[in-house]
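The block underneath contains the structure these notes are about, expressed in structure tokens.
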Amino acid sequence: MSAALTVEDLHVYLGESHVLQGVTFDVPADGVTALLGRNGVGKTTTLRALMGLVSRSRGAIGLAGEDVTALATHAVARRGVGYVPEDRDVFAGLTVEENLRLAERDGDPRYDLVFDLFPELRERAAQRAGTLSGGQQQMVAIARALLNRNQVLLVDEPTKGLAPLLVADVATALERAAELTTVLLVEQNLQVVQRLARDVVVLDAGRVVHTGPAAELLADPDHIRRLLGVHGGGH
Amino acid sequence: MSTFVLLTITGLGLGAMYFLVASGLSLIYGLMGVLNFAHGALITVGAYAAWWFGDQVGGGPGQRLLLGALFGLAAGALVAGLMELVLIRPLYRRPVEQVLVTVGLALALGALVQGIWGADPKPFPVPSWMIDTTSVFGANVPNDRFVEIGVAAAVLLGLTAFLRYTRFGLVIRAGVENRAMVSALGIDVRRAFTIVFALGGALAALAGVLSGVYFGVVDPGRGTSLLIFAFIVVVIGGFGSIGGSAVAAVAVGLIQQYANYYASAGTGDLAVVLLLAAVLLIRPHGLAPKVAH
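Read top to bottom, the protein sequences are chains A and B.
The first sequence lines up with residues -4 to 230 when you count with this note's numbering.
The second sequence lines up with residues 211 to 503 when you count with this note's numbering.
Right, here's the structure in full:
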């Protein structure tokens, strides 16, 4: 299977801290690849480095065969990489409609898809995003990324802090997104990983320590405990 | 009553100039995080460019003022745009160097203007109808105050409409909140930086032109004195907020005038600093922080 995204020997320093120490993995085209690991091992930094939001001291990033390592953040996005950040980062002072309009990149934004997945956003189009609940803000963040025909979506902990009902809604939206594009997902909730992911990449201390089919890892509680420090079955 | 009216309209005229300087300063800091100490020099550049060009084209004071003002605005925008492209852009992640460069540039531009045209004030072309007065509730108010207030009000409306109804305004408003996320949506925010800098330069130059009308002369120190109060306006109004800047500029202009008259001459500046301290204690991020609207 061809790789939608390739990461090779990626090194990132944040201040004095050597956060990513030669991260190498491929994200196969289509479907969801989950990027897992304990807190602080470099998952979010990996996504930010892929977007060009943090400086990369070494390494190469390829998008469908094209080297995008040296590109600025906006240029990476224009190559077809959508980003849903960990803290949602919706523009609080802008309305929902303005948040979405700002994200329009293609001539033909997919509002039908977005409003089909999140009908609530249509009703709240004129509401300032800063006044939305956490779950609604997450809908806006995902909707912004789905509006364009991206090659890859980078999604960082989309269910963090959400009520169980909303977790299911977000998972459904990502499932739908994965039918249309490749998704690299950072997620702590193993039930969501189990539902969505075909492949997993596990980071530890800034390095890749495991790659393989998600089902294989999730079927092995000892392996999960050793790699992720949690009990299997979703935490 | 007539004194109060005169003080109020004069305070609003002064506030109009503070607003013009502060709005550009506020957008530049809000969007780019650059504290532009050279902004005052843009006021001086605008005022002198308007005076010089008016002198070149000749004609009546009205014609000299109008054509000079257009040239001054263009000069302010051009110098500010070049400043961003050549000096500020390489230093976006180096705030200390930014401060050093903008302070140095302020000193250099001030010295350049003084070197070319000398330190003596130059008479600014002001049409006679602006010097004439209009009676408002018994107060004889110079007409130029209405021009200054009207121009600032038009700029406030224009900027608000620009920020609210244009795609570019949307990018600026979003960028003020989180420019990294704007880039992550595929928008080259650096273009917005240059345009906001040029816009801020044009507004500073406009303030320079209006200060020439208000005081009847231009001098090399004008930019610096206006900049100090504009910084106070920005802090009170909240960095990145045009509406906050407008409210704060009016408050600062009025308080200066009232304190100077009703307390004693010279206490106006002290009153403004006390207002700043009070706002910082009650609302540390200003009246309307980090939202361009």
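No residue lacks a Cβ here, since even glycine has one placed at the ideal position from N, Cα and C.
| query | result |
| --- | --- |
| Can you check DSSP and say which residues form a bridge with Arg123/A? | Thr90/A |
| Tell me whether Trp261/B is buried or exposed, calling it buried when 16 or more other Cβ atoms sit within 10 Å of its Cβ. | buried |
| What residues of chain B sit near Met46/A, judged by a beta carbon separation below 7 Å? | Ala394 |
| Please report the straight-line C-alpha distance between Ala349/B and Gln133/A, rounded to a whole angstrom. | 58 Å |
| Since Gly255/A sits in a beta bridge, which residues does DSSP pair it with? | Here chain A covers residues -4 to 230 and nothing more, so residue 255/A does not appear. |
| Looking at Val215/B: is its Cβ nearer than 8 Å to the Cβ of Lys332/B? | no |
| Please report the distance separating the alpha-carbon of Ala456/B from that of Phe347/B. | 25 Å |
| By DSSP, does Asp164/A sit in helix, in strand, or in coil? | helix |
| List the endpoints of the continuous alpha helix (DSSP H) containing Thr213/B. | 212 to 242 |
| Taking only beta-carbon atoms, is Glu387/B less than 8 Å away from chain A? | yes |
| Drop a sphere of 10 angstroms on the beta-carbon of Asp101/A, count the other beta-carbons inside from all chains shown, and report buried for 16 or more, exposed for fewer. | exposed |
| So what's Ser338/B in DSSP terms, helix, strand or just coil? | helix |
| Just the C-alpha distance for Tyr224/A and Val181/A, rounded to the nearest angstrom, thanks. | What sits at residue 224/A in the sequence shown is Gly, not Tyr. So the alpha carbons of these two residues sit roughly 16 Å apart. |
| Starting from the beta carbon of Ala72/A, find every residue of chain B whose beta carbon is closer than 9 Å, and list them in chain order. | Ser393, Ala394, Leu395, Gly396, Ile397 |
| What does DSSP give as the partner residues of Gly431/B in its beta bridges? | According to DSSP, Gly431/B bridges with nothing at all. |
| Can you tell me the Cα-Cα spacing of Ser345/B and Thr220/B, whole angstroms? | 13 Å |
| Straight-line CA distance for Gly496/B to Gly57/A? | 45 Å |
| Give me the Cβ distance between Leu222/B and Val406/B, rounded to the nearest whole Å; I'm assuming they're in contact under 8 Å. | Incorrect: roughly 26 Å between the Cβ atoms, too far for contact. |
| Restricting to Cα atoms, I'd like to know which of Val188/A, Gly54/A, Asn94/A, Pro80/A is closest to Leu213/A. | Val188/A |
| Out of Asp25/A, Arg53/A, Ala172/A, point me to the one whose CA is closest to Asn143/A's CA. | Ala172/A |
| Is there a Cβ of chain A sitting closer than 8 Å to that of Leu380/B, yes or no? | yes |
| Who pairs with His13/A in a beta bridge, going by DSSP? | Tyr8/A |
| Which residues does DSSP list as the beta-bridge partners of Ile350/B? | For clarity, residue 350/B is Asn in the given sequence; the question names Ile instead. Beta-bridge pairing links Asn350/B to Ser345/B. |
| Can you have a look at Gly207/A and say buried or exposed, based on whether 16 or more other CB atoms are within 10 angstroms of its CB? | exposed |
| Going along chain A, which residues have a C-beta under 7 Å from Arg383/B? | Gly88, Leu89 |
| At a CB-CB cut-off below 8 Å, which residues of chain B make contact with Pro80/A? | Met391, Ala394 |
| Taking only three categories from DSSP, how would you classify Pro216/A? | helix |
| To the nearest angstrom, how far is it from the Cα of Leu252/B to the Cα of Leu283/B? | 10 Å |
| Where do the ends of the beta strand (DSSP E) carrying Tyr78/A lie? | 76 to 79 |
| In whole angstroms, give me the CA-to-CA distance for Gly228/A and Val444/B. | Note that Gly228/A scores 49 on pLDDT, short of 50, meaning its location in the model is unreliable and no value can be drawn from it. |
| So the alpha helix (DSSP H) Val399/B belongs to, where does it begin and stop? | 399 to 425 |
| Would you tell me roughly how many angstroms separate the C-alpha atoms of Ala167/B and Leu230/B, rounded to the nearest one? | Since the displayed chain B opens at 211 and closes at 503, residue 167/B lies outside it and no answer follows. |
| Closer than 8 Å, CB to CB, is Thr40/A near chain B or not? | no |
| Could you tell me whether any Cβ in chain B is nearer than 8 Å to the Cβ of Glu19/A? | Looking at the sequence shown, residue 19/A is not Glu but Thr. No, its Cβ sits nowhere closer than 8 Å to a Cβ of chain B. |
| Starting from Leu108/A, trace the alpha helix (DSSP H) both ways and give me its first and last residue. | 106 to 112 |
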